[in-house]
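Under our numbering, read the sequence shown as residues 846 to 933, first letter to last. Ideal Cβ positions, reconstructed from N, Cα and C, are used throughout, including at glycine. Structure first, commentary second.
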Amino acid sequence: GPTVETVVTWLLSEVRKRGSLHKSEAAQGIRREFGDNFIVRNEKGEILVARYVLAAFVELSRDQIVWSQSAQYWRRRAAGDVPGRAQR
846 GPTVETVVTW LLSEVRKRGS LHKSEAAQGI RREFGDNFIV RNEKGEILVA
896 RYVLAAFVEL SRDQIVWSQS AQYWRRRAAG DVPGRAQR
């Protein structure tokens, strides 16, 4: 079956291909492609990417992808981004 590495490689390729990926689209895509083992539901019933998948994704994509806290999506790093993962 799929591994965490398979899932995070897919996530990275989706962000690269699209330019950005909203957290809900990421979770739905992971569920569709790889099943329920890599997602969780929060108290509102929303589907989210499991924390251990996110941790592996951060490790894999640290220099290439940033997280937009305000808009809740990942995107490719741009020239004007400040150092670090989280951007406005």
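Residue i (DSSP reduced to helix, strand or coil)
i      : result
Gln932 : strand
Ser913 : strand
Arg829 : Residue 829 lies beyond the range of the chain shown here (846 to 933); nothing can be said about it.
Buried or exposed by the 16-neighbour rule on C-beta atoms within 10 Å, applied to residue i
i      : result
Ser915 : exposed
Ala900 : exposed
Val894 : buried
Val927 : exposed
Presumed contact (8 angstroms Cβ cut-off) between residue i and residue j, rounded CB distance
i      : j      : result
Gln932 : Trp912 : 7 angstroms
Arg921 : Gly874 : Contact doesn't hold; Cβ gap of about 17 angstroms is too wide.
For residue j and residue i, the rounded distance between their alpha carbons
i      : j      : result
Thr854 : Ser906 : 9 angstroms
Ala923 : Arg877 : 29 angstroms
Lys868 : Glu859 : 12 angstroms
Lys862 : Glu850 : 18 angstroms
Open item on the list: Threshold first: 4 residues or longer. Then list the alpha helix (DSSP H) segments lying entirely within the segment 850-898, N to C.
Closed with: 868-879
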